[in-house]
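Novice:
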Amino acid sequence: MSVGTAAPPAQAGFERTWQGHPGLRGWLMEVNNQPLGKRFMVTAIIFFLLGGVLALLMRLQLAVSDNDLLGPQVFNQLFTMHGSTMMYLFAVPFLEGLALYLLPLQLGSRDVAFPRLTAFSYWTYLFGGVLFYASFLVGVVPDAGWFAYTPLSGPRYAGLGVDFWLLGLSLVEVAGITAGVEILVTILKLRAPGMTLGRMPLFVWTMLVTGGMIIFAFTVLLTATILLELDRAAGMAFFDPERGGNSLLWQHLFWFFGHPEVYIAFLPATGIVSAVVAAFARRPVVAHVLVVVAIVMTGFLSFGLWVHHMFATGLPELAMHFFGAASLMIAVASGIQVFAWIATLWGARPDYRTPFLYLLGFFLIFVVGGMTGVMVAVVPFDLQVHDTYFVVAHFHYVLIGGVVFPVFAGLAFWLPKVTGRLLDERAGAASFWLSFVGFNLTFFPMHIMGFLGMPRRVYTYPATLGLDAHNLVATAGAFMIALGTAVFIGAFLHSLRRGRPAGEDPWQADTLEWSVSSPPPIFAFRRPPVARGRHPLWERGRPAAAVEAEHQRVTAALDAAPTTWRATLSTDPLTGAPQGVQWLPGPAMSPFLVALGLLIAAIGVVANLYILDLAGVVLAVGALARWLQPDEALLERLRQDPAPRAAGLPVFTTGAASTGWWGALCLVVILGTMFGALLYAYFYLSLFSDAWPQGGLERPGWGLAGPATGALLLAGAGLWGSRRAFHGGRRAAFVGLLGGSAAGAAAAAVLVLVELVRLPFGPGVNAYASAHFTLSGLAILALAMGTAVAAATTHRLERRLERRDAFDTLQLQVTTMLHGFALVAALATLVVLHTSPVLL
Amino acid sequence: MSGPGDPRAGRGRIWVGLWGPAVAWLVHFLAIYALAEFGCLSPLAERVVLGASLVAWLVLAVTVACLALSGGVTWLAWRVDQRLSAAPTAPATAGPEADPGPDAGRFAARAGWTSGLLFTLIIAVEAVPVFFYLRDCGVKALP
Ligand code: HEM
Ligand SMILES: [Cu+2]
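For the record, the sequence lines run as chains A and B.
Just so we're aligned, residue 564 is where the first sequence starts under the numbering used here, counting upward by one.
Just so we're aligned, residue 18 is where the second sequence starts under the numbering used here, counting upward by one.
1) Can you grab the Cα-Cα spacing for the pair Val-948 (chain A) / Pro-913 (chain A), in whole Å?
2) Are the C-beta atoms of Thr-759 (chain A) and some chain B residue less than 7 Å apart?
3) Mapping the DSSP letters down to three states, classify Gly-798 (chain A) as helix, strand or coil.
4) Taking C-beta pairs closer than 7 Å, name the residues in chain D that Ala-53 (chain B) reaches, listed in chain order.
5) With burial defined as no fewer than 16 other Cβ atoms inside 10 Å of the residue's Cβ, what is the status of Thr-1356 (chain A): buried or exposed?
6) Which bits of chain B does Gly-867 (chain A) rub up against, with CB to CB less than 7 Å?
7) At a CB distance below 7 Å, what residues from the region 839-863 of chain A approach chain B? Give them in sequence order.
8) Along the region 1136-1163 of chain A, what residues have a CB closer than 7 Å to any CB found in chain B?
9) What's the call for Glu-114 (chain B), buried or exposed, on a 16-neighbour Cβ count within 10 Å?
10) Between the Cα of Leu-1260 (chain A) and those of A:Ala-1311, A:Leu-1228, A:Pro-1323, spot the shortest distance and give me the residue it belongs to.
11) Does the beta-carbon distance from Leu-101 (chain B) to Arg-127 (chain B) come in below 7 Å?
12) In or out: Gln-99 (chain B) buried (at least 16 other Cβ within 10 Å) or exposed?
13) Would you report the Cα separation of Ile-1166 (chain A) and Ala-889 (chain A), rounded to the nearest angstrom?
14) Grouping DSSP H, G and I as helix and E and B as strand, with all else coil, what is Trp-1146 (chain A)?
15) Please list, in chain order, the chain B residues whose beta carbon lies closer than 9 Å to that of Leu-1201 (chain A).
16) Hey, which unbroken runs of the alpha helix (DSSP H) at 4 residues or more fall wholly within the region 849-911 of chain A?
17) How is the alpha helix (DSSP H) around Ser-1405 (chain A) delimited, first residue to last?
18) Can you name the residues that DSSP bridges to Ser-1133 (chain A)?
19) Can we count Ile-963 (chain A) as close to ligand 1, meaning its CB is less than 6 Å from some heavy atom?
20) Between the C-alpha atoms of Ser-1252 (chain A) and Thr-643 (chain A), what's the straight-line distance to the nearest angstrom?
21) Are the beta-carbon atoms belonging to Thr-1131 (chain A) and Ala-1369 (chain A) less than 7 Å from one another?
22) Report the three-state DSSP secondary structure of Pro-1082 (chain A) (helix, strand or coil).
23) Would you grab the beta carbon distance between Leu-1078 (chain A) and Gly-983 (chain A) for me? Rounded to a whole angstrom, and I think it's under 8 Å.
24) Look up Ala-1219 (chain A) in the DSSP assignment and say whether it is helix, strand or coil.
25) I'd like the list of long-range same chain contacts for Gly-88 (chain B), defined as Cβ closer than 6 Å, with 5 residues on each side in sequence excluded.
26) Which same chain residues end up closer than 6 Å to Pro-1326 (chain A) when comparing Cβ atoms and leaving out the 5 residues on each side of it in sequence?
27) With respect to the alpha helix (DSSP H) encompassing Cys-83 (chain B), which residues constitute its N-terminal and C-terminal limits?
28) Expressed to the nearest angstrom, what Euclidean distance is found between the alpha-carbon atoms of Leu-1230 (chain A) and Thr-741 (chain A)?
29) Helix, strand or coil: how does DSSP classify Thr-951 (chain A) here?
30) Between which two residues does the alpha helix (DSSP H) containing Asp-631 (chain A) stretch?
31) Applying the 10 Å Cβ sphere with the 16-neighbour rule, what's the burial state of Gly-1016 (chain A)?
32) What's the call for Gly-634 (chain A), buried or exposed, on a 16-neighbour Cβ count within 10 Å?
33) If you drop the 5 nearest sequence neighbours on each side, which residues of the same chain put their C-beta closer than 6 Å to that of Leu-93 (chain B)?
34) Counting only beta-carbon atoms, is Pro-113 (chain B) nearer than 7 Å to chain A?
35) Could you tell me if the beta carbon of Val-967 (chain A) falls within a distance shorter than 6 Å of some heavy atom in ligand 1?
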């Protein structure tokens, strides 16, 4: 099979199709993963530098005893903003940006699965971060710590700063969740032909597991932040013990996110490490299957650890020991990875260039952090060092060793791909040594300070404690780290102009991103690549299997094609066999507008201007509707295009073969997790109440909920019947059933709303009432979504019924998932709210 | 189509083999957490039957069930691996409805039984604390 190049005119058309629009408008409308991935990373690094400046200020305050440079109030704000910036605005967004940039290149795809969602994710992230920092402008900086424990963060003790924190964080969480969906679906669906599950690079495996973790963990945190904001802005009582609320509920919800969060940052970092180890050892990471299993294990087990942050809160001992056992087990998973890397490097003769230096730094630091981690997983030990500088030392060893050093290794490794230029090696080595030595100077003494009784989060200490020398060394070390970072950035800026050209594959690495030019063209691959093995670039000489000829035929047909619309290959999640030519959207303004709407609504909440909320929601919903509206002319063009036919593949696929189905599934999982977290809160609150409902309130009867339940059941039947009518081509029945189903859901939503309005108590009287109103409200929102989707689908498919094709079938499938989910979730909510669950 | 001697290791079985043990662990962990958190405050904790509280008995029952589930899936994945390894390396076919080729299937089966062994071990280890709290749950939570 010859690798013939397409005729020049077609090629020019292909390239034009992939170009973004010029100017500011084009910048706002950008959807391609490469520019957006770069924006994500640059923004995250800027936040990293801001967080670093805050850390330096803290270290200045702590340099000598009895210092009053900053004072207690400012110190509280600094550690809150520093911790929050590093955890929410730097670590995870940076790694997501790296993944969004790199995954398509590594998988052999031209872009990610939902390009407009990438843009939406970036804008919500940026807006959230800006809202966070806007608190400095207004002079009310968050000061309740990076985990914002209630009641400190509740309405009684914390001012407007915490509102900035909660709303900024909510936007950042939305950004994280959407990026997680993007990552997940891209990995499952957009791999190069021949890239079976077993041939996926380890970095991709780590991102696959991370994407799944983000969806669960961030959604629970989003729910928690919304509940706390409801307490603060709407007078609810979830976390207010005086009205039957429970402060430990916040801790449970927060750490259900917070522990996985550490691994959400750490797992991709291990993916970076595996990539760099393999490239520098010039051989595959040993025990590939075992390493994959360790990655999956880390992802799952990290959800079984949240209570280990609450050992000092007085839970039943039995529960605490379950978590203690799980905490020890996760060390097994990390151990597997560490030993696999060591075995891979054993006997190899790596070049000690910048990425490898940072890798060695990671090994040394992380092992210390892991050891102190096992120490604090032992319950009696934890009770001793809880809230001392020992813990500060521990988590900086884990976070800086386990995340920041790998990130710098990854930057040094992949920047030549991004910019096309190599970093200066001497500057790279200097930055490494400064950071490494500085790091240990800063944080090693903190272990000792902790044993000697220095508490964390305290703005100063008396000279009699005898810790002046330790603290001064730590402060000097912090400035060395800053210098190391500055040298790295200087080297990067220098390389942009003066760096030696990197060529395609400066490290002789194995994965597909190294097969394209540096920097890669905006469409990544003119002709989609075929993955011959797990290490495609090391296996170029291997004889091709019979199936590869088939894959080559497919990719040849897509060489510089299609020419008038953006497309990439979609493949089977297990085997990597081509399944379709996936259309990808071009520049669009709607993602920016939806994000802007959310920002305006968030500002409205902070400023107590409800007119802004309304405006923001209208803008967001309107832009979202435009985003989701199918473009019939475009669909017709796709149906006619010769390129997919030449490849022998469909343009539209259905079910698990399509990306849309997976996207809808993710949305259902996210909404289900929200319902789950709220139901957990409901039961948790009831557990610690003498009576439920609290305060002598009466559980609402079935007077309205009964008819609502009936409406939901009928709507479900209608939805089920409409599918049969659709496939049977019976138009009247289809319209009646699906339209009726939409109407049934709407009726149920109205009944639930009427019930809320007619209740003799408001949401603020006690925690029971808050939970009742919030669960009902979520059910109403879900039903509104279901109604809108079902109605829009009825409207469109009615006209398509005679000519229905795979796209229309997919639309009905997605509608069934979303609308069906809304019905089931609302039904479950009604049952829980109106019956007394047996156990209680 | 699959190679000769390869009695079609089905797609469903491959996915179950790959994720089954992890899911068994998740179910187990959430169940024993819920039993300890919610059960220890309920009358279940006070009822002692045959020398152990009902909470302890339930924890043990859930553990046995999840061990069986995880162990069963491990065995299943092991069998698939054996069968696919015995088959000569047949190429996977292309096309939307392609059968998982031996490459993908064997990888998934191998990852499945490896993770199965580990998760089974972890389920067992995590249940150990219950033997120290057979009659009560230890210090009560805050009221
Ligand atoms: C230049 C390097 C850094 C220095 C000098 C530094 C220093 C500090 C200091 C002095 C504190 C306050 C300790 C206390 O009084 O409780 C702190 C807290 C914290 N740092 Fe860092 N840090 C650095 C980098 C990082 C990084 C890279 C991360 C995360 C990726 C991070 C995450 C945190 C967190 C989560 C807290 C806790 C905040 C809280 O108590 O709410 N730090 N750091
Ligand atoms: Cu933890």
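All residues carry an ideal CB built from backbone N, CA and C; glycine is no exception.
Specialist: The relevant details are as follows:
1) A direct Cα-to-Cα measurement between Val-948 (chain A) and Pro-913 (chain A) gives close to 40 Å.
2) It does: the Cβ of Thr-759 (chain A) has a partner Cβ on chain B nearer than 7 Å.
3) The answer is coil: DSSP assigns Gly-798 (chain A) none of H, G, I, E or B.
4) Among the protein chains of the structure shown, namely A and B, there is no chain D.
5) By the Cβ neighbour-count rule, Thr-1356 (chain A) is buried, with 16 or more other Cβ atoms within 10 Å of its own.
6) Here the neighbours are Phe-46.
7) Per Cβ criterion, the list reads Val-852, Leu-853, Val-855, Val-856, Val-859, Met-860, Phe-863.
8) With the criterion set as a beta carbon lying under 7 Å from some beta carbon of chain B, the members of the region 1136-1163 of chain A are Leu-1137, Thr-1138, Ala-1140, Pro-1141, Gln-1142, in sequence order.
9) Bear in mind that the predicted position of Glu-114 (chain B) carries a pLDDT of just 39, short of 50, making it too unreliable to give a figure here.
10) Comparing Cα-Cα distances from Leu-1260 (chain A) to each of A:Ala-1311, A:Leu-1228, A:Pro-1323, the minimum goes to A:Pro-1323.
11) If you check the CB distance, Leu-101 (chain B) and Arg-127 (chain B) do not come in under 7 Å.
12) Exposed: under 16 other Cβ atoms inside 10 Å.
13) Note on geometry: alpha-carbon atoms of Ile-1166 (chain A) and Ala-889 (chain A) lie some 41 Å from one another.
14) Assigned with DSSP and collapsed to three states, Trp-1146 (chain A) falls in strand.
15) Think of a sphere of 9 Å around the beta carbon of Leu-1201 (chain A): no beta carbon from chain B falls inside it, the nearest being about 18 Å out.
16) Here the runs fully enclosed are 851-864, 880-908.
17) No answer is possible for residue 1405 (chain A): it lies beyond the span of chain A, which begins at 564 and ends at 1403.
18) By DSSP's assignment, Ser-1133 (chain A) forms a beta bridge with A:Gly-1143.
19) At a cut-off of 6 Å, the beta-carbon of Ile-963 (chain A) counts as near ligand 1: some heavy atom of the ligand is closer than that.
20) Spanning the two alpha carbons is a distance of roughly 32 Å.
21) It is not a contact, given that the beta carbons lie outside the stated cut-off.
22) DSSP places Pro-1082 (chain A) in coil when its eight states are reduced to three.
23) Note on residue identity: the sequence assigns Ser, not Leu, to residue 1078 (chain A). Contact flag wrong, Cβ pair sits at about 15 Å.
24) Here Ala-1219 (chain A) sits in helix by DSSP.
25) Contacts found: Thr-137.
26) The residues Met-799, Ala-1332, Ser-1333, Phe-1336, in chain order, have a CB closer than 6 Å to that of Pro-1326 (chain A) in the same chain once the five nearest residues on each side in sequence are set aside.
27) Its alpha helix (DSSP H) spans residues 71-103.
28) Taking the straight line joining both Cα atoms gives about 9 Å.
29) Reduced to three states, the DSSP call for Thr-951 (chain A) is strand.
30) First-last for Asp-631 (chain A): undefined, no H or E at that position.
31) Looking at its Cβ environment, which holds fewer than 16 other Cβ atoms inside 10 Å, Gly-1016 (chain A) is exposed.
32) Burial state of Gly-634 (chain A) is exposed, judged by a 10 Å Cβ sphere holding fewer than 16 other Cβ atoms.
33) Correct list, in chain order: Gly-34.
34) Residue placement at Pro-113 (chain B) is flagged as unreliable, the pLDDT there being 37, under the threshold of 50; the coordinate-derived value follows with that caveat. Taking Cβ atoms only, chain A reaches closer than 7 Å to Pro-113 (chain B), which makes this a yes.
35) Yes, the beta carbon of Val-967 (chain A) sits closer than 6 Å to at least one heavy atom of ligand 1.
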